[in-house]
Structure formats: structure tokens, C-alpha cells
Amino acid sequence: MQIKCTQCGADVTVQQDATFIDCPYCGSALFLDKKKVVFHYVINSNFKPNEAEGNLKRWMAGNHTVKDLDKKCTITKTDFYYFPVWYFKTKDASGDKISIQPAATTSVSEIKKIPIPAGSLKFYEKELYNDDQMVKPDVLYDSAKTWLQSSGVDPNNIAEAALVHVPFYQFYYTYNNQTFTAIVEASSGQVYANIYPAKSEAPFRIVFTLSIVAFIVTTILCFVAAYLATGRGESPFIWGEVFKVVAYGLVSVPLIIIAYMIAKKV
Ligand SMILES: [Zn+2]
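Numbering-wise (this note's numbering), the sequence shown opens with residue 4 and increments by one.
Structure, rendered in C-alpha cells:
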């Protein structure tokens with residue numbers, strides 16, 4: 004089978020089942036899809052396993068996850084691999100735009116958000132990487148292009164497409180007898196996770212409902228008190244409003260304390 008090198012345009016003869024190839028004329032690393040020949044890049048890892056775990060723990064200690072997840076979870080397994088993504092550069096009136104689509108099956112859809120600076124792209128060199136760590140692409144160029152189109156990008160504007168292997172640490176951890184997974188992208192250290200033990204919003208909703216009930220009851224009590232104190236006429240309404248100002252202030256205090264305590268716990 005003959006293909007055309009994306010870089011130098013030379014006709015290169017390849018074996019039928021070949022996917023990763025080096026152009027014998029210019030040395031470019033190429034990836035061969037069923038129909039498409041594209042550059043094959045890799046991004047280097049800048050994080051050691053313990054450093055990646057440090058980033059994960061900081062993310063766990065942050066605001067999205069349940070309180071003290073970093074201390075209460077148990078990391079059960081860590082994998083390191085290079086995950087393939089389709090890299091599209093599109094040009095239109097507004098300028099250049101980079102879009103990413105996963106090139107292999109993944110449950111982490113956040114992968115599309117991974118920033119890939121052009122300067123970080125290195126030609127893939129077989130000798131430098133452990134083949135076992137290279138996840139093989141199983142999403143063809145055409146499928147990725149269709150996804151791209153459905154996310155609002157005009158495929159006619161594609162100026163460049165490439166296959167990029169991105170370094171990932173995948174962590175498996177357990178929390179409350181459930182297993183979760185999170186990815187640390189090893190060039191930037193950014194954490195990606197779709198499902199994780201999130202902060203529960205239920206206690207806050209209960210406090211909110213409680214507040215509404217408390218203020219309604221307080222309002223009724225104020226007017227009843229004003230009526231009992233002043234009798235019929237215009238004045239119960241005026242005094243009721245005055246009582247309300249004071250009573251609302253008093254009711255707010257325990258509610259604020261409860262909300263604060265919940266915020267500290269969950
Ligand atoms: Zn070439």
C-alpha cells in the first residue's frame with residue numbers, strides 16, 4: 004500500500020496493517036488511519052508518580068469534592084499511559100482554534116478540555132517510549148471529525164489534524180466502599196474526573212427550607228404579638244413591622260450558624 008507523507012509529500016510504501024510509521028525520506032512520525040495519514044505527536048510527561056498524586060490530593064482537598072476526601076480515600080492503583088487524542092486546528096475569520104477529541108474509548112469526557120500548546124508537540128519516536136504504555140487509537144479520524152462537526156465546528160475549516168499521545172496518570176481510589184477514578188494529565192498536572200464523591204447539597208437545601216418556614220412563622224408571631232399588645236386599629240400592622248425587623252435579626256443568627264457548621268462538615 005502507498006501513502007503520501009504529510010510532511011515531504013513522498014510516496015511511502017507501507018504494510019497493510021501498519022499504523023505508526025516513520026517516513027523514510029524526511030523522518031516524520033506518521034499515523035495511518037484507514038484513509039487518513041496524519042502527523043503522530045507525543046507530549047512529554049513532566050510529573051513523577053508522587054507529584055501527580057500530590058496534585059490529585061490537592062484537588063481532593065478543594066471545593067468540588069466531599070470534605071476531607073484527600074484523607075478519607077484510599078488510592079488502590081495507579082496506571083501510567085499515553086492516551087491518544089485527535090488534534091484539530093481550525094481556521095476561520097476569528098482566527099485559529101484547537102479542538103480535541105478522544106481517539107480511544109474513555110469514560111472521562113473531560114479529555115476534550117485538555118489544553119495542548121503547539122510547543123509541547125514532539126514527533127513520536129518509537130525508541131523513546133515503552134510500547135505497552137501507548138494506548139492504541141480505536142476511534143477513526145472520520146468519527147472524530149463527525150463529533151467535531153456536532154460540537155459546532157465546520158470541518159471545512161480544518162487546517163491541520165494530528166494524532167497526539169498525551170501522558171496520563173490514572174488513579175483508582177475507594178471512598179465509602181465505592182471505587183472512583185481520576186486522571187492527572189502529566190504534562191500540565193491538571194486533574195480530570197467525571198464522577199467523584201461530590202459535596203452534598205441536601206443539607207443546604209434543608210437549611211434553605213427551614214429558613215423560609217422560620218421567617219413565615221416569625222412574621223405571623225410578630226403580628227399576633229402586635230395585635231395582643233395594641234388591640235384593634237391601624238397600630239398592630241405598624242408595630243408588627245417593627246417587631247419583624249427585630250425578630251428577623253434574631254432568627255437569622257441560628258440559621259447562619261447552622262449553615263456555617265454544615266459548610267465546615269460536608
Ligand atoms: Zn516524509
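Yeah, the Cβ is synthetic: ideal placement off N, Cα and C, and Gly gets one too. In this text the structure is predicted, and so the values were computed from the model without any measurement.
TODO: Identify whether PHE50 lies in helix, strand or coil by the three-state DSSP scheme.
DONE: coil
TODO: Within its chain, find whatever has a CB closer than 8 Å to the CB of TYR251; leave out the 5 residues flanking it on each side and keep chain order.
DONE: PHE218, THR221
Open item on the list: Between GLN10 and ligand 1, is there a pair consisting of the residue's CB and a ligand heavy atom that are separated by less than 8 Å?
Closed with: yes
Open item on the list: List, from N- to C-terminal side, the beta strand (DSSP E) runs of 3 residues or more that fit wholly inside the segment 40-113.
Closed with: 40-45, 77-95, 98-105
- [ ] Say yes only if the C-beta of TYR28 is nearer than 8 Å to one or more non-hydrogen atoms of ligand 1, and no if none qualify.
- [x] yes
Open item on the list: With three or more beta-carbon pairs closer than 8 Å as the criterion, would you say the segment 116-136 touches the segment 64-74?
Closed with: no
TODO: Could you tell me if the beta carbon of SER31 falls within a distance shorter than 8 Å of some heavy atom in ligand 1?
DONE: yes
TODO: Let me know the secondary structure DSSP gives ALA228 once reduced to three states.
DONE: helix
Task: Under the three-state DSSP convention, the category ASP36 falls into - done: coil
Task: Residue from SER48, CYS225, CYS26, SER97 with nearest C-alpha to LYS247 - done: CYS225
Task: Whole-number beta carbon distance between LEU166 and PRO87, since they are thought to touch under 8 Å - done: 6 Å
Task: Cβ neighbours of VAL138 in the same chain (closer than 7 Å, five flanking residues each side left out) - done: TYR84, TYR85, PHE86, PRO87, ALA107
Open item on the list: Using the Cβ count rule (16 or more neighbours within 10 Å means buried), how would you classify VAL45?
Closed with: buried
Open item on the list: Taking its Cβ as the centre, do 16 or more other Cβ atoms sit within 10 Å of GLU188, making it buried, or is it exposed?
Closed with: buried
Task: Straight-line gap, PHE171 to THR182 (C-alpha atoms, nearest Å) - done: 19 Å
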